[in-house]
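Notes for the one structure printed next.
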Amino acid sequence: MITRAEPVMGTVVSFLVDPADLDSAHVESLLDAAAAELHRLDDRFSTWKPDSELSRLRRGEVAAPSSLMREVMERCEAARDTTAGYFDPWALAGGFDPTGLVKGWAAERALAVLVDGGVTEALVNAGGDICVSPGSTYDVGVQHPSVRDAFCAVIRVDSAAATSGVYERGEHLTNPFGGEVAAVSATVVGGRLAEADAFATALAVGGAAVLALLERIPGLEGFFITSEGALYRTSGMDLGPGSVANA
Amino acid sequence: MRRVLTLLGATAAGFTSVVALHGTPGKAGPIVRSAPTTTTTTPKPGAPTTTAPAGPGQATAIGPLENYSYGVMSVKVVIANHHIVGLHVEKLQTLDSYSQQLASYAVPILKAEVLKAQGIRINAVTGATYTSEAYAYSIQGALDKLRFK
């Protein structure tokens, strides 16, 4: 197993690669390329870097957005629609902020660099936004929202998983409809990571309303936890071994 | 996008057929978009509202609240030059009955060492607290140790 932890996009992106019969130097060079892709995307989509295209766009200085920016905007619009508006990058203070989707999207692009280079078994974890190579399965622990050294679920991931919530550093979520944020932690499993990432944000904000939407979407499952410590899940959500919620 | 259309299909069939005629948003040719608005409106039940044109030949309307399986929703449509250029779910309310059907569980507390003793190997960690950078480094470092040493 070859691993790497790359500090980028305000978090740490971890790579797990089973090289199988690939030369390890080749895998390392693929990891270099995947990390470079993440930095390239961070340079474009960071809200913290004043010169990024996104920062310039937010200041109204971009007349013609790049094709990558247009792709992100279109994915954000699609995610806003599928989440019934609970994921809304246009409803945030400071203008368009696609961060809730870009991190997962970037991780998928980094994974694609590895897969295109011949890797068949890999996991990319972008600060909790996780995608795995097609055909691979990994067990992912979901950090318990209030007990530091424990998980609240162990989920089997064969495509993507993302968690969103009210973070340690304070409230990061906004309800586009002006109400309260429903959950302290929300996890969505399945599908494409960019979509799961956006849906995790929506589920944390919208709670039961978004869970009802998830229930209708084949291939996506999820659960959320309220500040009172109650857990709600879609009917197909498996919380893993040892979890009473599976009873 | 197909999923959206499916969802809407359950809410306003006539509406969906109009949208279907105009192809798949996000995939078809040039997409015209108005400047995104950050204001949200709560439409009154049964009362479609129309706002003033946002641009040349452009109009925005919010449909009435419609029932869907789990509650009610209303949809906002933006039309420019006789084409639908924007389609958003404007308001979504979940039926109380759906919320009431939802079973609530106590949050499991699964200790890492217990899982390990059970032979469950965790490959990666996700979590709401995980974006704390120091914590991310710490837990991933611990994980790497557990698995790879």
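Residue numbers (the numbering used here), protein chains in the order written: chain A, 163 to 409; chain B, 70 to 218.
For every residue, glycine included, the Cβ atom is placed at its ideal position computed from N, Cα and C.
Beta-carbon spacing of residue i, residue j below 7 Å
i          : j          : result
Ala-364(A) : Val-351(A) : no
Thr-195(B) : Val-304(A) : yes
Phe-361(A) : Thr-245(A) : yes
Gly-381(A) : Thr-325(A) : no
Glu-199(A) : Ala-315(A) : no
Thr-299(A) : Asp-320(A) : yes
Cys-293(A) : Ala-312(A) : no
Gly-257(A) : Arg-220(A) : yes
Ile-178(B) : Val-309(A) : yes
Pro-307(A) : Val-346(A) : yes
Alpha carbon of residue i to alpha carbon of residue j, nearest angstrom
i          : j          : result
Ala-274(A) : Pro-251(A) : 25 Å
Val-179(A) : Met-163(A) : 6 Å
Leu-393(A) : Ala-175(B) : 6 Å
Ala-366(A) : Ala-130(B) : 28 Å
Ala-288(A) : Val-170(A) : 9 Å
Leu-335(A) : Lys-211(A) : 21 Å
Met-399(A) : Ile-317(A) : 9 Å
Asn-192(B) : Ser-214(A) : 33 Å
Glu-377(A) : Gly-279(A) : 36 Å
Ala-167(A) : Val-175(A) : 6 Å
Thr-282(A) : Gln-127(B) : 49 Å
Val-146(B) : Gly-132(B) : 8 Å
Thr-165(A) : Ala-182(A) : 14 Å
Thr-80(B)  : Ile-379(A) : Here Thr-80(B) scores only 35 on pLDDT, less than 50, and its place in the model should not be relied on; the value that follows carries that caveat. If I take the Cα positions, the gap works out to 15 Å.
Contact list for residue i against chain B, beta-carbon separation under 7 Å
i          : result
Asp-301(A) : Ile-189, Arg-190, Ile-191 and Asn-192
Leu-219(A) : Ordered by position in chain B, no residue passes the 7 Å Cβ test against Leu-219(A), which lies about 12 Å from the chain.
Leu-263(A) : Going along chain B, no residue has its Cβ under 7 Å from Leu-263(A), so there is no contact; the nearest lies around 13 Å.
DSSP bridge partner residues for residue i (one or two, in chain order)
i          : result
Ala-312(A) : Lys-180(B)
Arg-395(A) : Phe-385(A)
Asp-291(A) : Ala-288(A)
Asp-320(A) : Bridge partners of Asp-320(A): none, in fact.
Per-residue contacts from residue i into chain B (C-beta, under 9 Å)
i          : result
Leu-285(A) : Asn-192 and Ala-193
Under 9 Å from the C-beta of residue i: neighbouring residues of chain A
i          : result
Gly-196(B) : Gly-290, Gly-303, Val-304, Gln-305, His-306, Pro-307, Phe-313, Cys-314, Thr-325, Gly-327, Ser-347 and Thr-349
Proximal residues of chain A, C-beta to C-beta of residue i below 8 Å
i          : result
Ala-181(B) : Gly-303, Asp-311, Ala-312 and Phe-313
Within chain A, the residues that residue i reaches when beta carbons sit closer than 7 Å
i          : result
Ile-148(B) : The contacting residues do not exist; Ile-148(B) stays about 16 Å from chain A at best.
Beta-carbon neighbours of residue i, restricted to chain B and to distances below 8 Å
i          : result
Leu-200(A) : Within 8 Å Cβ-Cβ: nothing; Leu-200(A) doesn't reach chain B, min ~15 Å.
Leu-178(A) : Asn-192 and Ala-193
Contacts that residue i makes with chain D (C-beta to C-beta distance below 8 Å)
i          : result
Leu-401(A) : Considering every chain present, this structure includes no chain D. Its protein chains are A and B.
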